[in-house]
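Residue numbers (the numbering used here): 8 to 632. Written out below as structure tokens is the structure these notes cover.
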Amino acid sequence: MRVIGTAGHVDHGKSTLIEALTGTHPDRLAQERQREMSIELGFAWWTLPNGEEVGVVDVPGHRDFIENMLSGVGGIDAVLFVVAADEGVMPQTHEHLAIVDLLQIEGGIVALSKVDMVEDDSWLDLVEEELVQVFSGTVLEDAPIVRVSAKTGHGLEDLQAILEEKLSSRPARQDLGRPRLPVDRVFTIAGFGTVTTGTLLDGALRIGDEVEVLPRGLKGRIRGLQTHKEQVEEAVPGSRTAVNISGVDTDQLARGQLVAHPGSYEATRRLDVHFRLLPDVSQPLAHNTEVKLFVGAAEVIGRVRLLGVKELAAGDEGWLQLELRDPVVAARNDRYILRRPSPGETLGGGVVVDPHPTGRHKRFDGDVIKRLETLSAGTPRDVLLQAALSLGIATPKDVIEGSKLSREAAEQAIKDLVSSGDLLELDEAKLLVATTYWNGLQKRVLSDVENYHQENSLRLGMSREELKSRLKLANNAFNALTGKLVEQDLLVESGPLVHLPGHEVSFSAQQQKFVEGLLGQFAANPMSPPSVKQSIEAVGEDVYRALVDLGQLLEVSAEVVFRVEDYERMLADVKGMIEQNGSVTVAQVRDKFNTTRRYVLAFLEYLDTVGITVRDGDARRLRGQ
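Structure, rendered in structure tokens:
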């Protein structure tokens with residue numbers, strides 16, 4: 008699942024191009040359609056030729072709406088930068104390019120749009136030459152330029168092919184087990200309630216998950232999930248996601264908030280950041296300047312505290328501590344943008360180094376600058392922990408190789424992280440896992456099993472194989488995970504099933520009546536009981552499966568089922584016959600139990616399957632004899 012964002016000057020054809028590519032016009036407001044200008048964020052999606060689904064965030068280009076644009080460009084995998092062939096580079100071209108560069112959005116493609124408006128190819132050549140110069144030294148320096156026309160369809164196939172190639176080379180979004188959804192839209196759907204949308208980062212969300220809306224700390228539960236208007240059980244990192252939240256009212260939510268698992272993130276009013284001031288700003292950046300911070304989908308007023316210098320000149324880089332009027336949620340290495348509130352001007356941006364500094368720094372303290380430089384570069388502990396998070400559950404060898412540290416430095420970092428509790432050693436499996444990822448994984452297991460109980464109240468538990476398939480874990484990692492949960496009395500194993508402590512199957516009075524009737528038929532003919540099909544017809548499939556889960560019935564084939572007590576008696580008799588005679592045949596067992604070959608053959612083949620007997624020609628003997 009990938010998400011791309013548009014960028015470019017107003018009226019250069021971004022929304023029209025997206026409609027030509029996807030069949031969906033991203034402008035959703037009547038005012039936008041009337042003015043033929045995007046005001047709010049627009050959204051669309053389509054499927055690339057290789058089958059990959061791509062979401063599109065269409066952002067406004069007009070200067071008056073530049074701040075709406077900023078709430079949409081975070082969390083995208085590539086940018087589709089649109090420049091009209093008949094106009095070339097314009098003011099918002101420069102401003103959008105600066106923002107894309109500050110946010111380090113790689114994998115860009117430049118669409119030279121409206122080529123149908125230009126008859127002279129030499130003019131297109133001149134515009135392309137200008138674009139090459141403008142993009143030089145930015146993250147889009149090597150971006151391919153594709154000539155397109157949304158009106159005639161010229162170049163659209165080439166554009167899709169290049170976009171497909173670009174996205175396939177981008178690394179997959181990391182699943183750190185700490186999902187967060189920066190909210191960029193909030194609305195209500197009749198019959199469903201509150202819905203928020205955004206681009207999901209750092210983890211997966213699932214129906215039934217308990218969530219927290221930050222910074223307000225509101226608690227709710229996920230009632231439904233959609234990706235590209237399709238209902239899904241799980242939303243994966245990097246996907247455009249709509250979340251239907253129960254327990255939270257629409258008027259309590261707003262753009263800029265964040266949906267996450269409870270306790271995963273904390274809001275802050277102070278950030279330590281590295282900052283780059285744009286070279287074409289109107290004036291140097293002074294200490295205590297009022298700014299607007301844009302991080303994720305949030306927009307917050309704050310003031311700049313310059314660290315180590317009296318002011319920053321145009322084009323300079325430095326360290327800032329941002330003091331914010333309202334709390335935001337940010338994580339280390341998040342990218343952000345600063346703008347001057349009035350008159351509106353993009354100042355620059357950079358990366359969050361410490362989202363939770365302990366206090367206000369002394370402005371000219373050399374130790375503070377050294378600490379920030381170390382945090383920015385990443386200590387061996389930081390680097391190794393990041394490698395562990397990206398791998399999920401892995402061997403020490405894989406974590407060390409992923410960190411690209413020297414073995415000595417990596418092994419010391421592992422010891423330090425284990426000692427501090429940030430990294431766990433699963434001794435029985437000889438694996439390493441980051442504590443945050445592990446905690447998130449355990450919460451997911453318990454949530455999945457709880458949801459299974461709610462949806463399948465007559466089943467004793469969820470099969471281990473189904474749970475392992477959902478988690479996409481190797482056997483050793485899965486066994487370590489479930490073993491730890493069982494050890495902590497958070498999960499119970501019942502043969503091939505797992506369930507929550509205290510979960511029991513209970514039948515209604517009518518269902519119990521059907522059960523007693525069926526079991527009466529088994530008691531009347533224990534060696535020739537009702538078939539699987541007849542049993543299901545008698546009590547219903549859910550009740551029948553519950554009887555199997557509860558250990559009252561045992562399927563020995565797709566057609567034959569016995570009461571467990573009858574099976575055990577038959578097994579004891581067959582073992583006795585073999586011990587006395589050395590082996591048994593189907594005919595001998597049939598005669599012993601006065602039943603038919605159908606039942607006996609299914610019974611003996613089951614004994615072969617579970618390793619009690621082994622076939623020797625027409626006879627069976629005990630395995631190992």
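Here a beta-carbon is modelled for each residue, glycine too, at the ideal position from N, C-alpha and C.
Check your understanding: How about G15 and F88: do their beta carbons lie closer than 8 Å?
Key -> Reading the sequence shown from its first residue, position 8 is the one you call residue 15. Reading the sequence shown from its first residue, position 81 is the one you call residue 88. With respect to the 8 Å criterion, G15 and F88 are classified as neighbours on the basis of their beta carbons.
Point to revise | Within 8 Å, strictly: CB atoms of G356 and L110 | key: In the sequence shown, counting from the first residue as 1, residue 356 sits at position 349. In the sequence shown, counting from the first residue as 1, residue 110 sits at position 103. Against a cut-off of 8 Å, the Cβ pair of L110 and G356 comes out as a contact.
Review point. With a cut-off of 8 Å, do at least 3 Cβ pairs link the stretch 120-134 to the stretch 89-96?
Key: yes
Exercise for review: Say whether the stretch 602-616 touches the stretch 557-573, bearing in mind that this needs 3 or more beta-carbon pairs closer than 8 Å, one atom from each stretch.
Suggested key: yes
Practice item. Just tell me which of S501, A337, R339, G162 has its CA closest to the CA of L557. Key: Locating residue 557 in the sequence shown gives position 550, counting from the first residue. It is S501 whose Cα lies nearest to the Cα of L557.
Review point. Which runs of the beta strand (DSSP E) spanning at least 3 residues fall entirely within the stretch 385-460, listed in chain order?
Key: Complete beta strand (DSSP E) runs here, min 3: 430-433, 438-441.
Exercise for review: For L133, count neighbouring Cβ atoms within 10 angstroms of its own Cβ and tell me buried if that reaches 16, exposed if not.
Suggested key: What you label residue 133 is simply residue 126 of the sequence shown in a count that begins at 1. Counting Cβ neighbours within 10 Å, L133 comes out exposed, since fewer than 16 surround it.
Point to revise | E102 classed as buried or exposed, judged by whether at least 16 other C-beta atoms fall within 10 angstroms | key: Within the sequence shown, the letter at position 95 stands for residue 102. E102 comes out buried.
Exercise for review: Report all residues from its chain with a CB closer than 8 Å to the CB of N446; omit the five preceding and five following residues, and keep chain order.
Suggested key: On the sequence shown, position 439 is the one that residue 446 refers to. Result list for N446: G184, in chain order.
Practice item. Go through its chain and collect everything with a Cβ distance to E43's Cβ below 6 Å, but skip five positions before and after it. Key: For this step, residue 43 is matched to residue 36 along the sequence shown. Here the model assigns E43 a pLDDT of 38, short of 50, so the residue's position is not dependable and the matter cannot be decided.
**Study point:** Coil, strand or helix - L166 by DSSP
**Key:** Looking up residue 166 in the sequence shown gives position 159. Three-state DSSP puts L166 in a helix.
Check your understanding: How many angstroms separate the CA atom of D71 from the CA atom of G162?
Key -> Stepping through the sequence shown from its first residue, residue 71 is reached at position 64. Stepping through the sequence shown from its first residue, residue 162 is reached at position 155. Residue placement at D71 is flagged as unreliable, the pLDDT there being 39, under the threshold of 50; a coordinate-derived value is accordingly withheld.
Check your understanding: Under 8 Å, do D65 and K121 count as touching if we go by C-beta distance?
Key -> Along the sequence shown, one-based indexing puts residue 65 at 58. Along the sequence shown, one-based indexing puts residue 121 at 114. No.
Point to revise | beta strand (DSSP E) runs wholly inside the stretch 122-188, at least 3 long, in chain order | key: 152-154
Exercise for review: Answer yes or no: do L166 and V117 have a C-beta to C-beta separation smaller than 8 Å?
Suggested key: By 1-based counting over the sequence shown, the position of residue 166 is 159. By 1-based counting over the sequence shown, the position of residue 117 is 110. Going by C-beta atoms, L166 is not nearer than 8 Å to V117.
Review point. Would L448 be called buried (16 or more neighbouring beta carbons within 10 Å of its own) or exposed?
Key: Here the question's residue 448 lines up with position 441 in the sequence shown. The residue in question, L448, is buried, as its Cβ has 16 or more Cβ neighbours within 10 Å.
Practice item. For the beta strand (DSSP E) containing I619, list its first residue and its last residue. Key: The residue you call residue 619 lines up with position 612 of the sequence shown. I619: not part of any beta strand (DSSP E); DSSP gives it neither H nor E.
Check your understanding: Taking the Cβ atom as the reference point for each residue, do G639 and N458 lie within a distance shorter than 8 Å?
Key -> No answer is possible for residue 639: the residues shown for the chain start at 8 and end at 632.
Check your understanding: Under a three-way DSSP split, which group does E26 fall into?
Key -> Looking up residue 26 in the sequence shown gives position 19. Helix.
**Study point:** Best match in V266, I25, E241 for proximity to V218 [C-alpha to C-alpha]
**Key:** For the purposes of this step, residue 218 is identified with residue 211 of the sequence shown, where counting begins at 1. Nearest of V266, I25, E241 to V218, Cα basis: V266.
Practice item. To the nearest angstrom, report how far apart R230 and D496 are at their CA atoms. Key: Working through the sequence shown from its first residue, we reach residue 230 at position 223. Working through the sequence shown from its first residue, we reach residue 496 at position 489. Distance from the CA of R230 to the CA of D496, rounded to the nearest whole angstrom, comes to 28 Å.
Review point. How should R604 be labelled, buried or exposed, when 16 other C-beta atoms within 10 angstroms of its C-beta is the threshold for buried?
Key: Counted from its first residue, the sequence shown places residue 604 at position 597. Exposed, by the Cβ-count rule.
Review point. Taking DSSP as the reference, what is the three-state secondary structure of R605?
Key: Counted from its first residue, the sequence shown places residue 605 at position 598. If DSSP states are grouped into helix, strand and coil, R605 belongs with the helices.
Check your understanding: DSSP on P98, reduced to helix/strand/coil?
Key -> Against the sequence shown, residue 98 aligns to sequence position 91. Correct three-state label for P98: helix.
Review point. Closest by CA to T204, which one among L232, T489, V255?
Key: Locating residue 204 in the sequence shown gives position 197, counting from the first residue. Out of L232, T489, V255, the CA that lies nearest to the CA of T204 is found in L232.
Check your understanding: Which one or two residues does DSSP pair with D279 in a beta bridge?
Key -> Here residue 279 corresponds to residue number 272 of the sequence shown, with the count starting at 1. Its beta-bridge partners are Q328, D361.
Practice item. Please work out which residues of its chain come closer than 7 Å, Cβ to Cβ, to D423, disregarding the five sequence neighbours upstream and downstream, and give them in chain order. Key: For the purposes of this step, residue 423 is identified with residue 416 of the sequence shown, where counting begins at 1. Cβ neighbours of D423 beyond the five flanking positions: R388.
Review point. Between T206, Q99, Q587, F529, which lies nearest to R570 when the distance is taken from Cα to Cα?
Key: Here the question's residue 570 lines up with position 563 in the sequence shown. Checking every option, the nearest Cα to that of R570 belongs to F529.
Review point. Is I585 buried or exposed, if buried means 16 or more other CB atoms sit within 10 Å of its CB?
Key: Here residue 585 corresponds to residue number 578 of the sequence shown, with the count starting at 1. It counts as buried.
Practice item. Over the uninterrupted alpha helix (DSSP H) stretch that includes A594, give me the two end residues. Key: Mapped onto the sequence shown, residue 594 falls at position 587. A594 -> alpha helix (DSSP H) spans 593-600.
Point to revise | DSSP three-state assignment for R628, whether helix, strand or coil | key: Residue 628 sits at position 621 when you count from the first residue of the sequence shown. If DSSP states are grouped into helix, strand and coil, R628 belongs with the strands.
**Study point:** Per DSSP, the bridge partner or partners of G12
**Key:** As a position in the sequence shown, residue 12 is number 5, starting the count at 1. DSSP, once it has assigned bridges, lists V64, V86 as partnering G12.
Point to revise | Reduced DSSP secondary structure (H/G/I, E/B, other) of Q111 | key: Indexing the sequence shown from 1 puts residue 111 at position 104. The three-state reading of DSSP puts Q111 in coil, since its state is none of H, G, I, E or B.
Check your understanding: Helix or strand or just coil, what does DSSP make of S501?
Key -> Here residue 501 corresponds to residue number 494 of the sequence shown, with the count starting at 1. In the structure shown, S501 sits in a strand (DSSP, three-state: E or B).
Review point. Under 8 Å, do D372 and Q328 count as touching if we go by C-beta distance?
Key: Indexing the sequence shown from 1 puts residue 372 at position 365. Indexing the sequence shown from 1 puts residue 328 at position 321. Cβ atoms of D372 and Q328: not closer than 8 Å.
Practice item. Verify whether the separation of the beta carbon atoms of I11 and V61 is less than 8 Å. Key: Residue 11 sits at position 4 when you count from the first residue of the sequence shown. Residue 61 sits at position 54 when you count from the first residue of the sequence shown. Going by C-beta atoms, I11 is nearer than 8 Å to V61.
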